[in-house]
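Basically my numbering = 1-based index in the sequence shown + 59.
Right, one structure below, let's go through it.
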Amino acid sequence: MDIWSSIVSYIEPKVDKNTLKLLKGIKETKLSDNKFQIYAPDIVYKDWLESKFLKVIQKVAKNLTGKDLAVEVISQEEVDLRNEKSQIEKELPQDKLIRNINLNPKYTFSNLIIGNCNKIAYKAAIAVAENPGRIYNPLFIYGGVGLGKTHILHATAHYMLSKNPRANIIYTTADAFMSELIAYMQKGSILDFRRRYKNIDLLLIDDVQFLVGKERTQVEFYYIFNALHLIGKQVILSSDTPPSKLKGIQERLLSRFSSGLIVEVKPPDIDTKLSIIRKKATEMKMNLPHDVMLFIAKTVNTNIRELEGSLMKIKAYSEIMDRQITLEMTREVLKDIVEVKEIESLSIEKIQKEVANYFGVNINEILSSARKKKVVMARQIAMYLSRYLTDKSLNEISKAFKKKDHTTVINAIEKVESQMKKDRKFKLTVEFLRDKLLTL
Ligand code: ADP
Ligand code: MG
């Protein structure tokens, strides 16, 4: 018989039925070396127990153990308070904004490059963080791997915390959610699991596609989702496919997923990719020539994580070999991880043809030395693009343009570069042609 039951049976003959019932209501006690702790459901109970029975409890406990135990009655409120305090103490040295949710400090909105590919998701996330539970609930963000979904989820949490540092937020992946659920189920404390998700202001669940086929987890998730949704708490979900394509998820859960706003993050276009490369390169203190940036933007297809990986590889290589980063080196470094073929197939002839077409001039005019304004412009731009989009040498380019030496090509490149700085419309034209050629 445990010590509390012994105490109760000792007291039993001296008290009435109701008192006995109350005493039997104690579910948890803890005996340590010199302490006997009794957990009371609330502060009123604690007062009652202490005032009426503390002495007798002390006496019986001493008889039973032969030790002078300190008896302590602790109410649930005190337990909560202690937990909170130890939580706060644990957190003190850390960034107070990050608290106990695992947010990557780098995944913020200020580190997110916005393009047409992710603008809607970005705006929706901001709106939700500013009005949690009130507009798009849930917000469902889907898109391919490495396109920034996790980044947006973390950024939303950071942003909400910056507005309200006391906001109660949980970020987890569907996978981690499931492991956690299983752990709680094994301990037989599913209610504790649910309690964990009670009263949170923002629940972020990443990669819900992992719920496919996980029936039990779906049931639990449905329960938690509804409990939060009902009291107007915000839920944000991410997935690699839209809800309609999530086969193996219960219909009722899918209809919940679709009941708010569904937004897609698309693969970045070439300009967004270039901005991302530029930003990452600056962060990584890398000096990347423009042609290298273009090359990376073009060859590393859509995945932004791969893009980062490529930059790191180039940086490491240039540091180890103690060499400047050049297009040639980049090609060499990336040849194992990306298909370099595409850009190699872009020939000077193709560039000449495309540019001539755009300006409505004849390709022979471009190859001649005609001085007509439109022809000169087309010729110069074609030379410039040949320099940047192919890895042909200046000599090869001048030959391809039927020039005797490469001074004409150098002049053309300089002319185009300075014109692009001065003339916005001209710059847009060149960029348009560049992108067009890159996506051929
Ligand atoms: P997903 O969750 O969609 O697979 P992540 O959020 O993990 O993608 O993004 C992969 C990497 O790319 C991360 O390091 C992230 O910071 C970066 N990233 C993705 N999109 C952008 C963006 N628009 N601007 C800057 N970095 C980005
Ligand atoms: Mg992710």
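From the three backbone atoms N, C-alpha and C, an ideal C-beta is built for every residue, glycine too.
Distance between residue j and residue i (C-alpha atoms, nearest Å)
| i | j | result |
| --- | --- | --- |
| I373 | L492 | 27 angstroms |
| T215 | A184 | 6 angstroms |
| P164 | L320 | 26 angstroms |
| F284 | Q277 | 10 angstroms |
| D154 | L220 | Low confidence applies to D154: its pLDDT is 42, below 50, so where it sits in the model is not reliable, and the reading given next is rough at best. Looking at the two C-alpha atoms, the distance is approximately 12 angstroms. |
| I85 | D251 | 19 angstroms |
| E295 | I407 | In the sequence as presented, Glu is not what sits at residue 295; that position holds Ile. Answer to the nearest angstrom: the Cα atoms are 49 angstroms apart. |
| M479 | L262 | 48 angstroms |
| K76 | L82 | 10 angstroms |
| K304 | L312 | 13 angstroms |
| Q39 | Q96 | The requested residue 39 does not occur in the structure, where the chain is confined to residues 60 to 499. |
| Y447 | D350 | 5 angstroms |
| Y69 | T78 | 13 angstroms |
| A57 | K246 | The requested residue 57 does not occur in the structure, where the chain is confined to residues 60 to 499. |
| L366 | Y376 | 15 angstroms |
| I469 | S334 | 27 angstroms |
| L393 | V359 | 9 angstroms |
| I102 | K80 | 18 angstroms |
| P224 | I211 | 19 angstroms |
| V267 | R438 | 53 angstroms |
| V204 | T167 | 19 angstroms |
| K73 | V67 | 10 angstroms |
| K111 | G125 | 23 angstroms |
| S369 | L162 | 24 angstroms |
| R390 | V414 | 26 angstroms |
| K481 | I440 | 15 angstroms |
| T361 | I329 | 9 angstroms |
| K451 | K462 | 15 angstroms |
| N416 | K273 | 56 angstroms |
| I472 | N196 | 53 angstroms |
| S297 | F316 | 10 angstroms |
| D92 | A99 | 21 angstroms |
| K306 | A235 | 20 angstroms |
| Y113 | S314 | One detail in the question is off: residue 113 reads as Leu in this sequence, not Tyr. C-alpha separation (whole angstroms): 56 angstroms. |
| F14 | H213 | Residue 14 lies beyond the stretch modelled for the chain, which goes from 60 to 499, so this question has no answer here. |
| T209 | D299 | 11 angstroms |
| R255 | I336 | 40 angstroms |
| P348 | E378 | 16 angstroms |
Assigned exposure category for residue i - 16 Cβ within 10 Å defines buried
| i | result |
| --- | --- |
| M371 | exposed |
| I290 | exposed |
| Q411 | buried |
| M380 | exposed |
| I173 | exposed |
| M343 | exposed |
| V115 | exposed |
| P302 | buried |
| L191 | In the sequence on display, residue 191 carries Pro and not Leu. Label assigned to P191: buried. |
| D61 | exposed |
| T466 | exposed |
| L270 | buried |
| Q383 | exposed |
| N177 | buried |
| K339 | buried |
| N47 | Residue 47 falls outside the range modelled here, since the chain spans only 60 to 499, and no answer is possible. |
| M237 | buried |
| I363 | buried |
| T341 | exposed |
| I456 | buried |
Distance cut-off 7 angstroms: residue i Cβ against heavy atoms of the ligand SAM
| i | result |
| --- | --- |
| F112 | With respect to the ligand SAM, the structure shown offers nothing to examine, as its ligands consist of the ligand ADP and the ligand MG. |
Inter-residue CB distance, residue i and residue j (contact presumed, cutoff 8 angstroms)
| i | j | result |
| --- | --- | --- |
| L240 | G207 | L240 to G207, Cβ: 27 angstroms. No contact. |
| R43 | Y282 | In this structure the chain extends from 60 to 499, so residue 43 is not present and cannot be described. |
| V187 | I194 | 7 angstroms |
| A120 | K94 | Going by Cβ atoms, the distance from A120 to K94 rounds to 10 angstroms, so no, they are not a contact pair. |
| K292 | D265 | Their Cβ separation, rounded to whole angstroms, is 17 angstroms, which puts K292 and D265 out of contact at 8 angstroms. |
| K332 | A286 | Actually they do not touch by this definition, with Cβ atoms about 41 angstroms apart. |
| F418 | M442 | Not really, about 14 angstroms apart at Cβ, beyond 8 angstroms. |
| L109 | V132 | Checking the displayed sequence, the identity of residue 109 turns out to be Glu instead of Leu. With 8 angstroms as the limit, E109 and V132 qualify as a contact, their Cβ atoms being about 5 angstroms apart. |
| S134 | K105 | 4 angstroms |
| A444 | L496 | The sequence shown places Leu at residue 444, rather than the Ala named in the question. Contact holds; Cβ gap of about 7 angstroms. |
| L405 | T449 | 6 angstroms |
| S65 | L123 | 6 angstroms |
Any C-beta of chain B under 8 angstroms from that of residue i
| i | result |
| --- | --- |
| V414 | The structure shown contains no chain B; it is built from a single protein chain. |
key: Stretch pair the segment 348 to 363 + the segment 218 to 236: three plus CB contacts closer than 8 angstroms   = No: fewer than three Cβ pairs fall under 8 angstroms.
message = Can you tell me which residues fall inside 7 angstroms of the ligand MG, judged by beta-carbon distance to its nearest heavy atom, and keep chain order?
response = K208, T209, D265, D266 and S297
message = Tell me whether the segment 426 to 433 and the segment 468 to 477 touch, counting them as touching only if at least three CB pairs, one residue from each stretch, are closer than 8 angstroms.
response = no
ask   = Between the segment 317 to 335 and the segment 193 to 203, are three or more C-beta pairs nearer than 8 angstroms?
value = yes
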